[in-house]
Amino acid sequence: MITDNIVFLNIVFLLLSGGVPYFILLEKSDSFSAKSIFIVSGFLLLTGVIISFFTDREYMTSFVLVSFFTALYSIYRATQTTNFYKLGYYFIFMNAPFFILFEEHGAFYSLSLLVSLLGIYAIASFYEKHYGSANYLYVRGITLATPLIGIHITVYLITIGLYPPLPNSLFFLTHIFNSEANALWLVIVITLYAGNFLVSMRVLEKSIFGKKNPNIHYVDLNFKEKITHFTIIVSLVLLSIYGVKEILTWA
Amino acid sequence: MEKIILLIPGIPILIAFLLFFIRKKELIPKVSIILSSMIALLALYGTYYVISNDAQIVGFNGLLVYNELSAILVPYVAILGLVIRKYATKYMWDEAGYRRFFILLNFIFASIYLLVMSNNLIVLALAWQLMSVGLYLLVSFNVGSKTAVKNARWTMYIHKGADFVFLLAVILTYQTFGSFDLLVLKEKWLVMSQSPVTDPMVLTVGLLYLLAAMMKSAIVPFHIWLPYTSEAPTPVSGLMHAGVVNVGGILLNKMAYLLILTPMVLNIAFVIGLFTAIFASMLMLVVSDIKRSLGYSTVGQMGYMIMEIGLGAFSLAIYHLIVHGIFKASLFLESGSIIKYARKDPNIPERLSHKTFLEENTKYKSSKTFKLIALFTIVPVVVFIGIKMILAPEFFEFNAAIVILAFAWLTGTQLFLSFFKVSKFDSIKAIFGIISSFIIVLFSYEFIGLSLEHFLYGHDSLLFYKAATLNVTLVSALLVLSLVMIVGWLFIYKQHFITLPANKEKSTKSKWSFYKLLVKEGYYFEIFNSSKKGKL
Numbered sequence: 001m002i003t004d005n006i007v008f009l010n011i012v013f014l015l016l017s018g019g020v021p022y023f024i025l026l027e028k029s030d031s032f033s034a035k036s037i038f039i040v041s042g043f044l045l046l047t048g049v050i051i052s053f054f055t056d057r058e059y060m061t062s063f064v065l066v067s068f069f070t071a072l073y074s075i076y077r078a079t080q081t082t083n084f085y086k087l088g089y090y091f092i093f094m095n096a097p098f099f100i101l102f103e104e105h106g107a108f109y110s111l112s113l114l115v116s117l118l119g120i121y122a123i124a125s126f127y128e129k130h131y132g133s134a135n136y137l138y139v140r141g142i143t144l145a146t147p148l149i150g151i152h153i154t155v156y157l158i159t160i161g162l163y164p165p166l167p168n169s170l171f172f173l174t175h176i177f178n179s180e181a182n183a184l185w186l187v188i189v190i191t192l193y194a195g196n197f198l199v200s201m202r203v204l205e206k207s208i209f210g211k212k213n214p215n216i217h218y219v220d221l222n223f224k225e226k227i228t229h230f231t232i233i234v235s236l237v238l239l240s241i242y243g244v245k246e247i248l249t250w251a
Numbered sequence: 001m002e003k004i005i006l007l008i009p010g011i012p013i014l015i016a017f018l019l020f021f022i023r024k025k026e027l028i029p030k031v032s033i034i035l036s037s038m039i040a041l042l043a044l045y046g047t048y049y050v051i052s053n054d055a056q057i058v059g060f061n062g063l064l065v066y067n068e069l070s071a072i073l074v075p076y077v078a079i080l081g082l083v084i085r086k087y088a089t090k091y092m093w094d095e096a097g098y099r100r101f102f103i104l105l106n107f108i109f110a111s112i113y114l115l116v117m118s119n120n121l122i123v124l125a126l127a128w129q130l131m132s133v134g135l136y137l138l139v140s141f142n143v144g145s146k147t148a149v150k151n152a153r154w155t156m157y158i159h160k161g162a163d164f165v166f167l168l169a170v171i172l173t174y175q176t177f178g179s180f181d182l183l184v185l186k187e188k189w190l191v192m193s194q195s196p197v198t199d200p201m202v203l204t205v206g207l208l209y210l211l212a213a214m215m216k217s218a219i220v221p222f223h224i225w226l227p228y229t230s231e232a233p234t235p236v237s238g239l240m241h242a243g244v245v246n247v248g249g250i251l252l253n254k255m256a257y258l259l260i261l262t263p264m265v266l267n268i269a270f271v272i273g274l275f276t277a278i279f280a281s282m283l284m285l286v287v288s289d290i291k292r293s294l295g296y297s298t299v300g301q302m303g304y305m306i307m308e309i310g311l312g313a314f315s316l317a318i319y320h321l322i323v324h325g326i327f328k329a330s331l332f333l334e335s336g337s338i339i340k341y342a343r344k345d346p347n348i349p350e351r352l353s354h355k356t357f358l359e360e361n362t363k364y365k366s367s368k369t370f371k372l373i374a375l376f377t378i379v380p381v382v383v384f385i386g387i388k389m390i391l392a393p394e395f396f397e398f399n400a401a402i403v404i405l406a407f408a409w410l411t412g413t414q415l416f417l418s419f420f421k422v423s424k425f426d427s428i429k430a431i432f433g434i435i436s437s438f439i440i441v442l443f444s445y446e447f448i449g450l451s452l453e454h455f456l457y458g459h460d461s462l463l464f465y466k467a468a469t470l471n472v473t474l475v476s477a478l479l480v481l482s483l484v485m486i487v488g489w490l491f492i493y494k495q496h497f498i499t500l501p502a503n504k505e506k507s508t509k510s511k512w513s514f515y516k517l518l519v520k521e522g523y524y525f526e527i528f529n530s531s532k533k534g535k536l
């Protein structure tokens, strides 16, 4: 039986997880840069994740559908951008249906998504600081020039692209092995599984591959940045360990 | 003590982790090779344990198993891994990303070990996907090359498709049979096989596993990723053709008891495998790039492998993939030397395509030779039937025997012809020598194959043949076999023993069209580009 409380919680989670495309309004506003939208949407999702740990979840189909349409639009927008910041928040909006649909597994899925997006945020800041903007398209040859950054981008994007043994994939698999499939479930899971994969592979191909450009002065990570990325990777590893434990409980 | 063997999938991960911290370049291959030798030794000990105790090693709460299949495949992969690492030590020395290469190589080996030793569908799913991403990063290793990256993208798309189909199959398996544990599932499937299964979900699950296997094993129409990844470093090509591409066959072997319930899936596998084998073998003859040619050869062999599974010869598929893997890996690792020789001699490699489709050989013409070749086409069948009658008479109880017979004949005839061409003697002594060596080779081959079958599946192998039995009468199957033999015999006779008048040497239009179809690789890219432009 659907109570008012469930409806209210669904509305809250829909808004916090990026189930409605509020980025359209923020992008039009002059006071919000791509970086700010990334921070706002990330913070809201984190709030949603924290709240969901303390509440009982039950999703409502209509809310899942709304977030699904937002996700489809976000996938489209993600294929149009070459900016790491924009890409970051598009990923948040793309994965909103998972947060709502996966219920208790959705919180962990979104948490690991947030950690990998934190990595993308750190990469975006690095690009902005050293190459003038967070646009990755014209800074090719990173794998050959600064392999460490190449490794980090690869790890973050592969995590988002839903590959094991990284945590997003593990929480995703835990949910799909654990739930009853219906038509809506199938459509959402297939679309977002393919969407996350295609967008991350597209970015991976355009960012880490390519020959070294002699006109670019490549800069490697400094000690502080290395520590930041190391912390993010360790967090992903910890989440992976928890994810493996979760999935093997089912096995 | 024996449980230590189950740590094998973790060792390459440990190696990769260690390599990350090694500063001296010379130490990277050394550490990798020394620790990989440990895997090979552990694998051999595991095989010894399984054979001598006639028992499986199960551990990690039943998630991993070192069973008969692992006992065959893990040492094979471990030794292959050692050879590839050793080869790569010098081959990759001057390449950028030496450390990255060895790290990725170890990751992909970890996923292969995990896949082979998994006893749980979830672990299998993890290994299955881990391999896709490892392969992508290895194929795109040459990050500066646009074509390498483009081909890696295609590889990734097809493998991601395989991952998704596999995940769907796992979910449906759990919903239909209620377990992820392969040992539990095997028992369930064996019980179910005693009565006819009508549940459409079982058929769907079987089809999904076949589809996933087809994608990973480069079966037509999912084959294109394999020949076009030849730009990858040669050790990667060797690994792909001898290891990665075989996982479809390994998966279907793990699902063998499920496929007993779905004879239709086996029949589909047979048809698709047969088509792939013929189509890819013809493409192999016409492509000009030696590595791509080897790629199509592998696609053809994978077609044979899937066809064997379609006939219920699951253990034969394992035998085939090992023998083919060793052969193909050595060819790949040798391809560099051939290219070196080809730079000096314009006749290397031989223009096989021209020879087969356009040139007519006019060297021999004698009624004696005609009689000899007639004898050579009959003798292989007689020898094969004789050996099978001695070793496994029950083989003839199933219709699948007829198809295997047809292929045995084809291979036997080819072998005889090669012997004959080499010897160039028509004497009775030479013929006797050829026949006796053929008998010895075939007997050893059949004996090893049969021992493997007994080792892997025991008496259950008969269940597979029974399930795969084609719905045709023995008479019609024999008629088809005779037809294949007559057509094949006429082709060989025409190709090798008829002198054609000079004016007929000019190729006909139909021959050119056929040649063009093959050179264009079945118009695969044209069709794809047309569909992209909306012309289709």
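The listed protein sequences correspond, in order, to chains A and B.
For the first sequence, the working numbering assigns the number 1 to the initial residue and increments by one for each residue that follows.
For the second sequence, the working numbering assigns the number 1 to the initial residue and increments by one for each residue that follows.
Even glycine gets a Cβ: it sits at the ideal position worked out from N, Cα and C.
If distances are taken between C-alpha atoms only, which option among the options comes closest to residue i?
| i | options | result |
| --- | --- | --- |
| I338 (chain B) | B:L311, B:I290, B:V379 and B:I322 | B:I290 |
| D163 (chain B) | B:S281, B:A43, B:L470 and B:S132 | B:S132 |
| L18 (chain B) | B:G81, B:E68, B:F107 and B:A43 | B:F107 |
| I92 (chain A) | A:S207, A:P21 and A:N178 | A:P21 |
| H217 (chain A) | A:G88, A:F53, A:K129 and A:L114 | A:K129 |
| A256 (chain B) | B:A317, B:A218 and B:G300 | B:A317 |
| A265 (chain B) | B:T204, B:N151 and B:N61 | One detail in the question is off: residue 265 (chain B) reads as Val in this sequence, not Ala. Comparing Cα positions, the closest option is B:T204. |
| Y76 (chain A) | A:Y85, A:Y90, A:G141 and A:S67 | A:Y90 |
| K186 (chain B) | B:I84, B:L252, B:S32 and B:P233 | B:L252 |
| I79 (chain B) | B:F514, B:M307, B:R153 and B:S330 | B:S330 |
| I542 (chain B) | B:S444, B:L172, B:F314 and B:F432 | The structure shown does not extend to residue 542 (chain B), since chain B is modelled only from 1 to 536, so the question has no answer here. |
| Y131 (chain A) | A:F8, A:G18, A:S200 and A:D220 | A:D220 |
| V323 (chain B) | B:T234, B:N119 and B:A242 | B:A242 |
| F230 (chain A) | A:I153, A:S62 and A:F13 | A:I153 |
| N135 (chain A) | A:N83, A:L113 and A:F63 | A:N83 |
| M389 (chain B) | B:V77, B:S513, B:L69 and B:L450 | B:L450 |
| S270 (chain B) | B:M305, B:M282 and B:L285 | Strictly speaking, residue 270 (chain B) in this sequence is Phe, with Ser absent from that position. Comparing Cα-Cα distances from F270 (chain B) to each of B:M305, B:M282 and B:L285, the minimum goes to B:M305. |
Residue i bridges to which residues according to DSSP?
| i | result |
| --- | --- |
| G59 (chain B) | B:L64 |
| N168 (chain A) | BP columns for N168 (chain A) are empty, so no partner. |
| S538 (chain B) | Any question about residue 538 (chain B) goes unanswered here, given that chain B covers just 1 to 536. |
| N83 (chain A) | A:N135 |
Is residue i helix, strand or coil by DSSP?
| i | result |
| --- | --- |
| N10 (chain A) | helix |
| D181 (chain B) | strand |
| N182 (chain A) | coil |
| N545 (chain B) | This structure leaves residue 545 (chain B) out entirely; chain B is present only between 1 and 536. |
| A342 (chain B) | helix |
| H217 (chain A) | coil |
| M307 (chain B) | helix |
| N361 (chain B) | Unreliable placement is indicated for N361 (chain B), whose pLDDT of 47 sits below 50; no coordinate value is reported for it. |
| I219 (chain B) | coil |
| A317 (chain B) | helix |
| N106 (chain B) | helix |
| G97 (chain B) | coil |
| A256 (chain B) | helix |
| P12 (chain B) | helix |
| Y59 (chain A) | coil |
| T154 (chain A) | helix |
Using 8 Å for Cβ pairs, my map puts residue i next to residue j. What's the rounded Cβ distance?
| i | j | result |
| --- | --- | --- |
| I247 (chain A) | I122 (chain B) | 6 Å |
| S544 (chain B) | L105 (chain B) | With chain B covering only 1 through 536, there is no way to say anything about residue 544 (chain B). |
| G238 (chain B) | G273 (chain B) | Not a contact, Cβ separation roughly 24 Å. |
| L166 (chain A) | L236 (chain A) | 6 Å |
How do the stretch 207-217 of chain B and the stretch 163-170 of chain B stand: do at least 3 beta-carbon pairs fall below 8 Å, yes or no?
-> Touching, yes, given that three or more Cβ pairs across the two stretches are closer than 8 Å.
Is the stretch 71-86 of chain B touching the stretch 233-253 of chain B, taking contact as three or more C-beta pairs under 8 Å?
-> yes
Is the number of C-beta pairs between the stretch 40-49 of chain B and the stretch 134-142 of chain B that are closer than 8 Å three or more?
-> Segments in contact, no.
Is the stretch 442-461 of chain B touching the stretch 309-326 of chain B in the sense that three or more CB pairs, one from each, lie closer than 8 Å?
-> Touching, yes, given that three or more Cβ pairs across the two stretches are closer than 8 Å.
Validate contact between the stretch 193-212 of chain A and the stretch 156-171 of chain A using beta carbons, cut 8 Å, 3 pairs | Judged by Cβ distances under 8 Å, the stretch 193-212 of chain A makes contact with the stretch 156-171 of chain A, as three or more pairs qualify.
Do the stretch 91-107 of chain A and the stretch 173-180 of chain A make contact, defined as three or more Cβ pairs closer than 8 Å?
-> yes
Take every Cβ of the stretch 29-45 of chain A, pair it with every Cβ of the stretch 112-122 of chain A, and state whether three or more of those distances are shorter than 8 Å.
-> yes
Give a yes or no on contact between the stretch 134-148 of chain A and the stretch 85-93 of chain B, applying the rule of three or more CB pairs nearer than 8 Å.
-> no
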